[in-house]
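So the sequence lines, in the order shown, correspond to chains E and P.
Going by the numbering used here, the first sequence opens with residue 895, and the numbers climb by one from there.
Going by the numbering used here, the second sequence opens with residue 786, and the numbers climb by one from there.
No residue lacks a Cβ here, since even glycine has one placed at the ideal position from N, Cα and C.
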Amino acid sequence: MALIELKDVSKLYGFGDATNVALDEVTLTIEKGECVAVMGPSGCGKSTLMNVIGLLDHPSHGDYYLNGRRSARLGSSQRAKLRRDKIGFIFQSFNLLGRLTAIDNVALPLLYKGKSPLARHKIARAMLERVGLHDRTYYYPHQLSGGQTQCVAIARALVNDPEIIIADEPTGNLDTESSRLVMELLAEIHKSGNTVLFVTHNPELTRYATRVMYMQDGMIKHDEQKPLGVVGRYAHTVIYGEPESHEDDDIAGVSALMKARERNEPAEKPARKTTKRRKTTKKRGGTK
Amino acid sequence: MNISNGNLRLAYESIRTTKFRSTLTMLGIIIGVVAVILVVCIGEGVKRQIGQQVVRYGDNVVVVRPLSEHRGILGGDSVPVGAAAPLTLKDIETVRRLPAVAAAVPLSSVSGSIKGDRQVNTPLVIATTPEFATFIKPQLKYGGFFEASQDANQVVLGSKIVSDLYNDSMPLGQTLSYRGQEFLVAGVFKNFNAPPLSIESNFNNAVFIPYDTVRNLTGVEPSIYEVLVRAKPGTNMPAFARSVQATLVQSHGGAEDVAVSAAGKTGSGTDQTLRLLTLLTMAAAVIAFVVGGVGIMNMMFVTVTERIHEIGIRKAIGATNRQILKQFIAEAFVISCLGAVYGVVAAFAGIGLLRLYTSLQPIVVWPIVIIAPLVAIASGVLFGSIPAIKAARKDPIQALRHE
């Protein structure tokens, strides 16, 4: 029995002519113990897919089986409980509560599970130790570096011992060194038996995955099984973002259309990649 | 509902970190609690003070007053001014002949300035007969009441006017001049309970002077504004009052120009005032609680809007709607409780200050001291629940996207 099974899952936003298809009949099976990297341009439905798998969102159509249990139409409190017990979320923007210390943030899911304060403290402390932040136990998020903050978030995701870790661009806001730290941590979690799903725009990070999926327009275009430590075959050819005009282009008089045509040409020059990634980062809020 | 399990502590933390906003919210509750407690306690105090007037004369005394009088406005020193003066010494004689009557004395206000060590221009001079002393509960502090003799140039002073007239706090044996005559201070009364919101004259400011002396001095009969009639022990008071009334009406040739009331009921207007005051209290209390509740609701709405993102995070990591609801209700509960406690403290401070600096003597009414904060907490939680429900129903995705 597969851990995650999606059958013709669609997610639509809006009505009538304004309907926006975020997921277009996605059928997908993820086995226990996989580490899946999801790539694709902004707005291709990666985040929506994560939200549906993570039970944050209902699919509009189709079925979703989590651990063989039909989960697409569960009520909000059942979904909340499944999120609490089975799924750990890691976000690009960390999403820690600024008013709570690192340990209180980590202990929060335990609070919702109804653990005693003592047990919460003990487990949360152990988790912080596991992510290497035991000396930052009582720091507030604003006192931590980006990498440390994300590690606290990872500790929080792990604290209920979930089967699935879902990370939506976990390194999107981090520098290279912190990214590596966070990804090593995820790899370690994967090694200890968890199923990990992560969204990334960085082809290099697909090295940590056993499977790479490329999405576009709400569909999975390629689904590739690969050994650990190898960059995905199509990772460098993912098209980021819709054609858009850029300040530099306007100054140079290059039209957006020309730019788009240029980009659609098969051979991507590595030198251009940095600029494009910057654009993607800028657009991150709009991912649907 | 179980709102413990860290929710209260989280709520307290949340309130502590947003002190200013929480204080504003609390203010509504505090004002509500203070308003209710103070108004009820003051009302009760006034009631008690008015009750003490019965004690002033004793409960076997009825008061006869002319009906066509112009009453003074509520207040201490004013004396009802008899306009038509239907009460005369003859009436007193008539009343005295009733078998159940033990004693009857006239009270009459006369004008004229008084000079002791200092001059008092518009004193309250009450002309009465020596028997008046037997009607009065507070005994004399010094000396004695004047004796029954026509040419007695003696006065008895209220406790407060002493300091207006004399440098000495015990002016026994000193003299004062009134209408060109020298009077000897025979006695000084102990302090009378000065009732606020009462049409009673304040005897503390009064100079008591023998009725006959004044009559001889002015050559006319001073107009009587009030006759006190004491019944013999064991008399049925309502029936007694009726018989006094009937006797007087008969002797006035059938004119219903006097009113007889039990001494405790002298301020019938005051009773009505008190009833209105109680109603006013109730209205003020309800308004205060509603305002406090709406204040909490507004603040909770602001809190919810400000924290949509936080709600999203909490839901993403597994908080159920019910748990979010509990958290926000816990916050409303803690804010209301703190507000209620501060409110009770402030109300006690207010009662203390009123006792110290005004003639109001608020009485701590324990039931309201307990009920007011409980109602405040209940309304706080009730009004806090509405935004809490709104918070709990937020869609996690939309909440997470909200910055």
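Counting only unbroken stretches of 4 or more residues, the alpha helix (DSSP H) elements lying wholly within the region 917–961 of chain E are 940–947, in sequence order.
When C-alpha distances from residue 812(P) are compared across 1122(P), 1179(P) and 1153(P), the shortest belongs to 1122(P). Exclusion of the five residues before and after residue 952(P) leaves 902 as the residues of its chain whose Cβ lies within less than 7 Å of its Cβ. When only Cα atoms are considered, residue 1049(E) and residue 1021(E) end up about 5 Å apart.
Not one beta carbon of chain E lies nearer than 8 Å to the beta carbon of residue 1152(P). Taking the C-beta atoms as reference points, residue 983(E) is found nearer than 8 Å to residue 1051(E). Sequence-distant partners of residue 937(P) (beyond 5 residues in either direction) whose C-beta falls short of 7 Å from its own C-beta, in its chain, are 931, 995 and 998. Residue 1185(P) has its alpha-carbon roughly 21 Å from the corresponding atom of residue 965(E). Spatial neighbours of residue 1010(E) in its own chain (CB-CB distance under 8 Å, excluding positions within 5 residues in sequence) are not present. By the criterion of a C-beta distance shorter than 6 Å, residue 1032(E) is surrounded in its chain by 995, once the five residues flanking it on both sides are discounted. At the C-beta level, residue 931(E) and residue 1103(E) come within 8 Å of one another. When DSSP states are grouped into helix, strand and coil, residue 1025(P) belongs to the helix group. Just measuring C-alpha positions, the residue of 919(E), 917(E), 944(E) and 939(E) sitting nearest residue 1058(E) is 944(E). Chain-order list of chain E residues neighbouring residue 1182(P): 945, 950 and 951, by C-beta distance under 8 Å.
Residue 821(P) carries a helical assignment under DSSP once its states are collapsed to helix, strand and coil.
Close to chain P, meaning a Cβ-Cβ distance shorter than 9 Å, is no residue of the region 909–932 of chain E at all. Of all residues in the region 1075–1105 of chain P, only 1094, 1095, 1097, 1098, 1099, 1100, 1101, 1102, 1103, 1104 and 1105 come within less than 9 Å of chain E when Cβ atoms are compared, listed by chain position. Within chain E, 1006 have C-beta atoms less than 7 Å from the C-beta of residue 1108(P), given in sequence order.
Contact holds between the region 942–952 of chain P and the region 901–920 of chain P, because three or more Cβ pairs, one in each stretch, are under 8 Å apart. Close partners of residue 993(E) in chain P (Cβ separation under 8 Å): 798, 799 and 802. One alpha carbon belongs to residue 847(P), the other to residue 1126(P), and they sit about 47 Å apart. One thing to note: residue 946(P) has its Cβ within 8 Å of the Cβ of residue 991(P). At least one beta carbon of chain P lies nearer than 8 Å to the beta carbon of residue 983(E). The Cβ atoms of residue 822(P) and residue 1176(P) lie no closer than 8 Å to each other. Residue 955(E) sits exposed, since fewer than 16 C-beta atoms from the chains shown fall within 10 Å of its C-beta. Between residue 1131(P) and residue 824(P), the gap from beta carbon to beta carbon reaches 8 Å or more. In summary, residue 1042(E) is buried, with 16 or more beta-carbon neighbours lying within 10 Å of its beta-carbon over all protein chains present.
In this structure, residue 881(P) keeps its C-beta atom at 8 Å or more from the C-beta atom of residue 1044(P). With fewer than three CB-CB distances shorter than 8 Å, the region 954–967 of chain P does not count as touching the region 1006–1013 of chain P. Cα atoms of residue 1072(P) and residue 817(P): separation of roughly 8 Å, rounded to the nearest angstrom.
DSSP places residue 1119(P) inside the alpha helix (DSSP H), whose first and last residues are 1106–1142. Taking 7 Å as the cut-off between beta carbons, the residues of the region 958–972 of chain E near chain P are 970 and 971, in sequence order.
Between residue 871(P) and the set 1035(P), 965(P) and 829(P), the nearest pair of CA atoms involves 1035(P). The C-alpha of residue 814(P) is placed about 49 Å away from the C-alpha of residue 1093(E).
At least 8 Å separates the beta-carbon of residue 1076(E) from that of residue 1003(E).
For the pair residue 1145(P) and residue 830(P), the CB atoms are nearer than the 8 Å cut-off.
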